[in-house]
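To start, the structure itself, in structure tokens.
Protein chains in written order, with the numbering used here: chain A, 40 to 227; chain B, 18 to 220.
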């Protein structure tokens with residue numbers, strides 16, 4: 040299984056060590072996300088997860104650091120995993136970029152690299168992603184990645200005093216095979 | 018009351034959710050052999066391991082956790098039984114962090130002559146039970162592409178189609194879509210943000 044996926048702006052790579060993993064999680068979650076709200080994972084739980092798998096285990100949820108190619112800085116993380124267990128034929132991806140690093144195409148490319156990881160390593164026929172309906176930038180980013188809008192799960196997310204829909208997108212293997220990222224990506 | 022009426026009543030199933038024809042209750046040991054078959058036949062099951070009676074018994078008798086593996090804070094299995102006795106299906110309920118969001122799967126045996134009647138009854142009884150005891154905000158059910166009966170039973174209980182996810186899982190050797198049908202409480206309906214369309218939605 041390749042664990043480093045490099046594009047033109049960022050690469051996905053394993054977290055260098057437990058310290059980098061913990062620092063990233065604590066920095067990203069110490070205040071509520073404008074769209075997803077307040078999440079917190081206790082350090083002990085995060086340490087246990089990292090000790091067990093380094094956050095990379097085939098057929099289960101994986102988390103990569105997203106590293107800028109020009110500065111080497113870790114600017115966020117990419118999550119991906121199977122839907123419906125290890126014999127799944129579909130998977131999901133999710134991208135979190137530090138706020139100050141937005142609008143530079145890092146999340147967009149990280150998502151494309153994650154699709155390469157998913158489709159090249161596993162027999163998936165579909166990769167899905169979703170976001171909150173008021174997070175227009177994220178929804179637009181999913182569409183730009185070649186994903187198709189599939190529908191909404193209504194009222195399933197509560198944030199900022201209101202219930203919001205979650206909007207669902209997907210890309211099928213044959214659609215991903217047509218994307219230019221396949222000619223750009225370097226695997227290692 | 019006649020003596021035979023007393024014995025008849027004693028044989029009637031009781032449970033959390035009481036329908037006209039079926040009862041939903043926690044799984045009892047006597048359910049396990051039939052339940053193992055139904056779980057193994059569920060096309061929407063995640064199947065990290067194949068379901069067997071031995072595996073089910075192990076979960077049922079799990080002493081590692083405070084809760085049984087079939088009845089935990091996050092996930093619960095209800096046996097669906099005829100009032101007159103006999104397991105006909107199960108309902109798997111998952112809950113999101115106590116938020117009042119319930120994600121479900123109903124599986125009834127395929128060979129029942131009165132399957133349609135029992136399915137409608139089971140869904141209606143379950144919703145009434147949740148509304149009476151748990152203040153649900155949102156209840157949803159997974160429905161496999163082409164699955165007979167369940168969409169109609171859900172519609173009859175006020176559920177509407179949320180989303181259909183293409184090629185979400187494997188069934189009968191082919192990729193199949195999975196649909197989500199949802200019931201929303203007034204609390205959600207009255208506090209639902211109008212976020213407008215998103216990219217690709219208006220196409």
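In this text, a Cβ means the ideal position worked out from N, Cα and C, and glycines have one as well.
Bridge partners - residue i, DSSP secondary structure assignment
| i | result |
| --- | --- |
| residue 119/B | 112/B and 156/B |
| residue 102/B | In the DSSP output, where bridge partners are listed per residue, residue 102/B has none listed. |
| residue 44/A | 51/A and 226/A |
| residue 125/B | 106/B |
C-alpha distance - residue i paired with residue j, whole-angstrom precision
| i | j | result |
| --- | --- | --- |
| residue 28/B | residue 102/B | 7 Å |
| residue 154/B | residue 167/B | 21 Å |
| residue 126/B | residue 156/B | 22 Å |
| residue 210/A | residue 220/A | 14 Å |
| residue 17/B | residue 71/B | Outside the displayed span of chain B (18 to 220) sits residue 17/B, for which this structure offers no information. |
| residue 182/B | residue 184/A | 18 Å |
| residue 64/A | residue 93/B | 31 Å |
| residue 208/A | residue 100/B | 43 Å |
| residue 100/A | residue 130/B | 42 Å |
| residue 119/A | residue 161/A | 12 Å |
| residue 216/B | residue 180/B | 16 Å |
| residue 55/B | residue 137/B | 18 Å |
| residue 89/B | residue 218/A | 44 Å |
| residue 190/A | residue 159/B | 15 Å |
| residue 50/B | residue 68/B | 11 Å |
| residue 86/B | residue 222/A | 47 Å |
| residue 203/B | residue 145/B | 15 Å |
| residue 93/A | residue 54/A | 7 Å |
| residue 60/B | residue 209/B | 33 Å |
| residue 98/A | residue 147/B | 35 Å |
| residue 180/A | residue 36/B | 47 Å |
| residue 140/B | residue 174/B | 7 Å |
| residue 116/A | residue 41/B | 43 Å |
Contact list for residue i against chain A, beta-carbon separation under 7 Å
| i | result |
| --- | --- |
| residue 118/B | 195 |
| residue 38/B | Within 7 Å Cβ-Cβ: nothing; residue 38/B doesn't reach chain A, min ~30 Å. |
| residue 155/B | 194 and 195 |
| residue 124/B | Residues of chain A passing the Cβ test: none, with the nearest at roughly 15 Å. |
Residue i classed as buried or exposed, judged by whether at least 16 other C-beta atoms fall within 10 angstroms
| i | result |
| --- | --- |
| residue 110/B | buried |
| residue 106/A | buried |
| residue 58/A | exposed |
| residue 40/A | exposed |
| residue 226/A | exposed |
| residue 19/B | Residue confidence for residue 19/B is low, a pLDDT of 45 falling below 50, so the modelled location carries little weight and cannot support an answer. |
| residue 48/B | buried |
| residue 161/B | buried |
| residue 70/A | exposed |
| residue 199/A | exposed |
| residue 113/B | exposed |
| residue 171/B | buried |
| residue 106/B | buried |
| residue 22/B | The predicted model places residue 22/B with a pLDDT of 46, which falls under 50 and marks its position as unreliable, so this point remains unresolved. |
| residue 185/B | buried |
| residue 148/A | buried |
| residue 113/A | buried |
| residue 196/A | buried |
| residue 219/B | exposed |
| residue 245/B | Within the shown structure, residues of chain B are numbered from 18 to 220, placing residue 245/B beyond reach of any answer. |
| residue 84/A | exposed |
| residue 79/A | exposed |
| residue 56/A | exposed |
Interface residues of chain B facing residue i [CB-CB closer than 7 Å]
| i | result |
| --- | --- |
| residue 91/A | By Cβ distance, chain B contributes nothing, its closest Cβ being about 17 Å from residue 91/A, past 7 Å. |
| residue 210/A | Near residue 210/A there are no residues of chain B at all, since even the closest Cβ is about 10 Å away, more than 7 Å. |
| residue 178/A | 215 and 216 |
| residue 167/A | 182 |
| residue 136/A | Per Cβ cutoff of 7 Å: no residues; residue 136/A is ~18 Å from chain B at best. |
| residue 182/A | 216 and 217 |
Closer than 8 Å at the beta carbon, the chain B residues around residue i
| i | result |
| --- | --- |
| residue 54/A | Simply none; closest approach about 26 Å. |
| residue 187/A | 217 |
| residue 164/A | 184 and 192 |
| residue 173/A | 210 and 212 |
| residue 101/A | Within chain B, no residue comes near residue 101/A; the closest Cβ sits about 17 Å away, beyond 8 Å. |
| residue 207/A | 180 and 182 |
Contact set between residue i and chain A, taken where Cβ atoms lie within less than 9 Å
| i | result |
| --- | --- |
| residue 199/B | 192, 193, 194 and 195 |
| residue 134/B | The premise fails here: residue 134/B is roughly 29 Å from chain A at the closest Cβ pair, so nothing lies under 9 Å. |
| residue 209/B | 193, 194, 201, 202, 203 and 204 |
Near the ligand SAH: residue i beta-carbon under 7 Å from a heavy atom
| i | result |
| --- | --- |
| residue 145/A | This structure lacks the ligand SAH, and indeed carries no ligand of any kind. |
Write down every uninterrupted run of the alpha helix (DSSP H) in the stretch 170-223 of chain A whose length is 4 residues or greater and which is fully enclosed by it, in chain order.
175-183, 212-215 and 220-223
Give, in chain order, every unbroken run of the beta strand (DSSP E) that is at least 3 residues long and sits entirely within the stretch 81-168 of chain A.
101-107, 113-122 and 129-136
Enumerate, from N- to C-terminal direction, the unbroken beta strand (DSSP E) stretches of 3 or more residues contained entirely within the stretch 132-219 of chain B.
155-161, 177-188 and 191-201
In chain order, each alpha helix (DSSP H) run of at least 4 residues that lies wholly inside the stretch 27-99 of chain B
49-58 and 70-77
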